[in-house]
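Read top to bottom, the protein sequences are chains A and B.
Heads up, the first sequence is in this note's numbering, so the first residue is 1 and it goes up one at a time.
Heads up, the second sequence is in this note's numbering, so the first residue is 1001 and it goes up one at a time.
C-beta atoms are modelled at their ideal positions from N, C-alpha and C, and glycine is treated no differently.
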Amino acid sequence: MTQLNVNGKAVEVDVDPDTPLLWVLRDTLGLTGTKFGCGMALCGACTVHLNGQAVRSCQVPVSSVGAQAVTTIEGLSADRSHPVQQAWIEHDVPQCGYCQSGQIMSASALLATTPKPTDADIDAAMSGNICRCGTYQRIRSAIRRAAEIKRGA
Amino acid sequence: MAADTADISRRDFLKSSAAVSGGLLIAIALPGCKPAAMATGGETRYATPNAWLRIGTDDSITFYCDKSEMGQGVYTSLTMLVAEELGVGLARIDTQFAPPGDAYINTLIGGQITGGSTSVRDGWDKLRKAGATARTLLVTAAANQWGVDARNCRVEDGVIVSPHLDKLKFGEVAEAAAKLTPPKDIALKPPAQFTLVGKAQKRKDTPSKVDGTCVYGIDVRLPGMLYAALAQPPVLGGSVKTFNGEKALAMPGVVAVVPTSSGIAVVADSWWRARKARDAVTIEWDGGPNAALNDAKISQTLRKASADAGRIMRSDGDVASAIKGAAKVVKADYELPLLAHATLEPQNCTADVRADGVDIHVPTQVQQIAQATAAKAAGVDVSKVKVHTTFLGGGFGRRLEVDFIPAAVEASKAVKKPVKLVWTREDDMTHDAYRPPAFDQVTGAFDDQGKLIAWKLHLTSCSITERFFPGSTEKNGDPFTVEAAANYPYDVPNVQVDFKRQEIGINVGFWRSVSHALNCFVAESFMDELAVSQKKDSLTFRRALLAKQPRYLRVLDLVAKESRFGYPPKGRFHGLAVMEGYGTYMAQVAEISMADGKTQVNRVFCALDCGMQVNPDTIVAQVESSVIFGLSALMWGEINIQGGRVQQSNFDSYRVARMNEAPRIDVYVLDSQEAPGGVGEPATALVAPAVCNAIYTATGRRLRSLPLTRYKLA
């Protein structure tokens, strides 16, 4: 049995230790908001937070997680009230939407450490997340808007 | 008008292609979708005035959306069309994806298909009529109850109001409405009276796409479900010779190793276990006919075939004589590579094969073909198969294919449990139906006054349509090979476009904008070659030849003005392209800079006239999306074949644009009262010629094959 802390809750899972966190979240815990895109940390669809840092969960063996706090898109807010989610809705960012959980997790991790991100900050934090629908321009605007919302603007 | 004629002939062609396909189209009537029927469901009773709408006695309104949502916004825009005439706000309507059914056949294509940028064009009249029919029945039922003239009643957000201000909800008259005969002739609102259509609406699917609750095919979970991974032949078109699954079967959680029509499926209690055990299956493959296929052979095959004339798809005047007598002739050869779709959601299907029937949960663009495919794989009649369409994590034409369905069905049948089959990214990249490669020869001829008197385009490529519907293009040729070519808009007296079909032994598929992206690159790059040969600039040269094409001229002038075409900021260079596709007129300007031998696309300006709009912001979003899609193909897109195997496997070897590579995109949508045009695809096609024309301005080098990674540009 592996103990995990997912979205503020202690959970126990019975999985092979080499199972990537992604598949534990999706198949064992039913948290399907985190997506499988490439299995090689190339696309960012599986991005979650480990102790607040954005990681690619397809490359994190569940045995390495330990007591670190895992946050998934389902745990970002209970009601889409996180500033990034609000901004995403305001700008109607998603198209097919498949990458957007990962985009939102990367963006929220960025804003947690960088309240006023520059274009270069956004490039650096977001270039690991592929959007095949090409919503990059809206993501960039929405990140700026989320920063404003966070500052109470 | 030329475009209209082309549209009609395409429609007729497709109707005939659907007819040719025979068994493809399966009639499954919706329960109670006959006029004015009632269906029961628990305590709530439902009126189903037509195949698209269901009004519950609980005042619920369900819209069966007959197109798949793959990002292009139909979940919202088609709901808007039906809501406009029904007389309710968008929030009142629960939008569900329609099952397979003849009522949902796309009139423009001839099958239940989401593709060809047709969703709004197909639904524009049909869905407004569906809404209007339902509203008329409901209002009549209410008016009958009140004993007043229905013409004096009105509808306010799902509430019918009498001339005496009495009110009845839709749900309260649903049962009575179900007993009425639907009216034959329905008058639709004139566009000037639209309250929803043409007015920006928030996408209905955004909330579920920012909180992780949106269910894609890969997210389907059924009770008792198992998971499968699939080993497919590494050589395209290969097959399994022998296999040994003993080692895999001994691994933890593995339930079965199932030989399927697409390869060896390993079924386990988790996908990760299935995926690991898949690699433990020992398989001897038969390479099949493509075992020695490679890029050079494909290119040679096309070049060799191009020596023969193809089928004439447009012929004005006498091109041969005009070229013979010309003062100046310009010729060029262009070549384009195979491309993968690379939807971000890998292909997948969840199948539940039981004694009493089959359910498949699948992200598909083709419900009826999916149903027929599952029925065949399960060995049951199509009437036994239910298709549940999920949201699609990208389509781009990839999900017009159904190659991921049979193995899921066969595996479920073998283990007698629901099975979710998920391909890896590598499976997906190496087993696509690729955009066909092309080898094209183009000729332009001028008279001694410098007037362009002939334009000839000789295309050599594969026919995707023939792959889908064998024999269907024999009569009239394949319209999906000559897009952005046969509609050559420039005022030239002698024009000829011919298509030489040459297959290459591997599956080719419809890829966002289909042959537009191939042919627009050739036609619009070559327009600049012709302009250069006359020492004219791209804009002046085109404008003169588009004097009789007002819709082209408007977008061209608008994009030139907004981009300050020809006057880029210091260190930047401009390139231009124009095209009509899917009934939408478009012009793009790319603004680029060069650094370290590489091209950076800094900005893209796009002006379009897509006729009447449904959800304006979705149009802008689709152009933004298409530009990035076209950019990825232009910059890096290339599938290479060696020994019949695809060399690219994941997003490291098949690069697509990322945030730091995404240009600023400015979109200008013209007000237009023309019929709606498609917007999901066309902008894809203009990026490559616009950028390559800019590269010529910057470097003096004319690039006639793609992607740009082939070149070191000074």
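For this session: List in chain order: all unbroken beta strand (DSSP E) runs of 3+ residues lying wholly within the stretch 1328 to 1362 of chain B.
Result: Listed in chain order, they are 1328 to 1336, 1348 to 1354, 1357 to 1362.
Exercise. Using 8 Å as the limit for Cβ to Cβ distance, is residue 1424/B near chain A?
Worked result: Position 424 of the second sequence, counted from the start, is the residue given in the question as residue 1424/B. Chain A, which has a Cβ nearer than 8 Å to the Cβ of residue 1424/B, makes this yes.
Problem set entry | Contacts around residue 1095/B, its chain only, beta-carbon distance under 7 Å, and the 5 residues preceding and following it disregarded | The residue you call residue 1095/B lines up with position 95 of the second sequence. These residues qualify, in order along the chain: 1063, 1065, 1075, 1079, 1204.
Problem set entry | Residue range of the unbroken alpha helix (DSSP H) whose run includes residue 1316/B | By one-based count along the second sequence, residue 1316/B stands at place 316. Residue 1316/B -> not in any alpha helix (DSSP H); beta strand (DSSP E) instead, spanning 1311 to 1316.
Exercise. Count the other CB atoms within 10 Å of the CB of residue 115/A; is the residue buried (16 or more) or exposed (fewer)?
Worked result: Within the first sequence, the letter at position 115 stands for residue 115/A. Exposed, because fewer than 16 other Cβ atoms sit within 10 Å of the Cβ of residue 115/A.
For this session: Check the Cβ-Cβ distances between residue 132/A and every residue of chain B, and say whether any is below 8 Å.
Result: Counting from one through the first sequence, the residue named residue 132/A turns up at place 132. Closer than 8 Å to some Cβ of chain B, the Cβ of residue 132/A qualifies, so yes.
For this session: Examine chain A for any beta-carbon lying closer than 8 Å to the beta-carbon of residue 1628/B, and answer yes or no.
Result: As a working mapping, residue 1628/B is identified with position 628 in the second sequence. Interface residue, yes.
For this session: Measure the C-alpha to C-alpha separation of residue 1421/B and residue 35/A and round it to an integer number of angstroms.
Result: Translated into positions along the second sequence, residue 1421/B becomes position 421. Translated into positions along the first sequence, residue 35/A becomes position 35. Those two C-alpha atoms are separated by around 15 Å.
Exercise. Should residue 1152/B be labelled buried (16 or more other beta-carbon atoms within 10 Å of its own) or exposed?
Worked result: As a working note, residue 1152/B is residue 152 in the second sequence. That one is exposed.
Exercise. Near residue 1122/B, what residues of its chain come up, given a Cβ to Cβ distance below 6 Å and the 5 sequence neighbours on each side ignored?
Worked result: Taking the second sequence and counting its residues from 1, one reaches residue 1122/B at position 122. The answer, listed in chain order, is 1106, 1107, 1108.
For this session: Quick one: give me the first and last residue of the beta strand (DSSP E) that residue 1285/B is part of.
Result: Counted from its first residue, the second sequence places residue 1285/B at position 285. From DSSP, the beta strand (DSSP E) with residue 1285/B extends over 1282 to 1286.
Exercise. On the three-state DSSP scale, how would you describe residue 1068/B?
Worked result: Position 68 of the second sequence, counted from the first residue, corresponds to residue 1068/B. Residue state, collapsed to three classes: coil.
For this session: Using beta-carbon positions only, say whether residue 16/A and residue 1273/B come within less than 8 Å of one another.
Result: As a first step, residue 16/A must be located in the first sequence, where it is residue number 16. As a first step, residue 1273/B must be located in the second sequence, where it is residue number 273. Cβ distance < 8 Å, so residue 16/A and residue 1273/B count as in contact.
For this session: Kindly list the residues whose CB is nearer than 8 Å to the CB of residue 96/A, restricted to its own chain and excluding five residues on each side of it in sequence; keep chain order.
Result: Counting from 1 along the first sequence, the entry for residue 96/A is found at position 96. Taken in chain order, the residues that qualify are 132, 133.
Problem set entry | Buried/exposed call for residue 1164/B, threshold 16 Cβ in 10 Å | Within the second sequence, numbered from 1, the residue matching residue 1164/B stands at position 164. Within 10 angstroms of the beta-carbon of residue 1164/B lie fewer than 16 other beta-carbons, which makes it exposed.
Exercise. Considering only the beta carbon of each residue, do residue 1460/B and residue 1439/B sit closer than 8 Å?
Worked result: Sequence index remark: in the second sequence, residue 1460/B carries index 460 (1-based). Sequence index remark: in the second sequence, residue 1439/B carries index 439 (1-based). Yes, Cβ-Cβ distance for residue 1460/B and residue 1439/B is below 8 Å.
Exercise. How many Å lie between residue 70/A and residue 27/A at the Cα?
Worked result: Residue numbering aside, residue 70/A sits at position 70 when the first sequence is read from its first letter. Residue numbering aside, residue 27/A sits at position 27 when the first sequence is read from its first letter. Residue 70/A and residue 27/A: Cα-Cα distance of roughly 16 Å.
Exercise. Which class does residue 1629/B belong to by DSSP, given the choice of helix, strand or coil?
Worked result: On the second sequence, position 629 is the one that residue 1629/B refers to. Here residue 1629/B sits in helix by DSSP.
Exercise. In chain order, what residues of the same chain lie with their CB nearer than 7 Å to the CB of residue 1594/B, ignoring the 5 residues before and after it?
Worked result: Residue 1594/B sits at position 594 when you count from the first residue of the second sequence. Counting only Cβ-Cβ distances below 7 Å, and skipping sequence neighbours, we find 1698, 1699, 1713.
Exercise. Quick one: complete alpha helix (DSSP H) runs, 4+ long, within the stretch 1509 to 1584 of chain B?
Worked result: 1515 to 1533, 1538 to 1545, 1550 to 1563
Exercise. For a contact meaning CB atoms closer than 8 Å, what does residue 64/A contact in chain B?
Worked result: Here residue 64/A corresponds to residue number 64 of the first sequence, with the count starting at 1. Result: empty, since nearest Cβ-Cβ is about 15 Å, beyond 8 Å.
Exercise. How about residue 1186/B and residue 1129/B: do their beta carbons lie closer than 8 Å?
Worked result: Walking along the second sequence from the start, residue 1186/B turns up at place 186. Walking along the second sequence from the start, residue 1129/B turns up at place 129. Yes, the pair counts as a contact, with Cβ atoms nearer than the cut-off.
For this session: Throw me the rounded Cβ distance for the residue 1559/B and residue 1532/B pair, which I believe falls under 8 Å.
Result: For the purposes of this step, residue 1559/B is taken as residue 559 along the second sequence, with counting starting at 1. For the purposes of this step, residue 1532/B is taken as residue 532 along the second sequence, with counting starting at 1. That pair is no contact at about 20 Å.
For this session: Mind the definition here: the stretch 1403 to 1418 of chain B touches the stretch 1240 to 1252 of chain B only if three or more C-beta pairs lie below 8 Å; say whether that holds.
Result: no
For this session: Would you please state the rounded distance, in angstroms, between the beta carbons of residue 1388/B and residue 1361/B? I believe it to be under 8 Å.
Result: By one-based count along the second sequence, residue 1388/B stands at place 388. By one-based count along the second sequence, residue 1361/B stands at place 361. Correct: roughly 4 Å between the Cβ atoms.
For this session: Could you list which residues in chain B have their beta carbon closer than 9 Å to that of residue 56/A, in chain order?
Result: In the first sequence, residue 56/A corresponds to position 56, counting from 1. Going along chain B, no residue has its Cβ under 9 Å from residue 56/A, so there is no contact; the nearest lies around 12 Å.
For this session: Compare the C-alpha of residue 1287/B against each of 1237/B, 1333/B, 1322/B and name the closest.
Result: Taking the first residue of the second sequence as 1, we reach residue 1287/B at position 287. Per the Cα distances, 1237/B.
Exercise. Run through DSSP, which three-state label would residue 19/A get?
Worked result: Translated into positions along the first sequence, residue 19/A becomes position 19. The answer is coil: DSSP assigns residue 19/A none of H, G, I, E or B.
Exercise. Of the residues 22/A, 29/A, 78/A, which one's Cα is nearest the Cα of residue 12/A?
Worked result: What you label residue 12/A is simply residue 12 of the first sequence in a count that begins at 1. Out of 22/A, 29/A, 78/A, 29/A has the C-alpha closest to the C-alpha of residue 12/A.
Exercise. Helix or strand or just coil, what does DSSP make of residue 1289/B?
Worked result: On the second sequence, residue 1289/B is found 289 positions in, with the first residue counted as 1. Note: residue 1289/B maps to helix in three-state DSSP.
Exercise. Of all Cβ atoms in chain B, is any one closer than 8 Å to the Cβ of residue 176/A?
Worked result: The question about residue 176/A has no answer here: the residues shown for chain A are numbered 1 through 153.
Exercise. Is residue 1704/B helix, strand or coil by DSSP?
Worked result: Here residue 1704/B refers to the residue found at position 704 of the second sequence. The answer is coil: DSSP assigns residue 1704/B none of H, G, I, E or B.
Problem set entry | Segment contact, 8 Å Cβ cut-off, at least three pairs: the stretch 1642 to 1655 of chain B with the stretch 1559 to 1579 of chain B | Output reads no: the stretch 1559 to 1579 of chain B does not touch the stretch 1642 to 1655 of chain B.
For this session: Run the CB neighbour count on residue 1425/B, radius 10 Å, all protein chains shown included, and call it buried at 16 or more, exposed below.
Result: By one-based count along the second sequence, residue 1425/B stands at place 425. Buried.
For this session: Could you check what DSSP says for residue 1035/B in three-state terms: helix, strand or coil?
Result: Within the second sequence, residue 1035/B is the residue found at index 35, counting from 1. Legend: pLDDT at residue 1035/B = 37, less than 50; position of this residue unreliable, value from coordinates given subsequently. It is coil, neither helix nor strand.
Problem set entry | Residue-chain proximity (residue 97/A, chain B), Cβ-Cβ < 8 Å | The count along the first sequence starts at 1 and reaches residue 97/A at position 97. With 8 Å as the cut-off, residue 97/A counts as an interface residue toward chain B.
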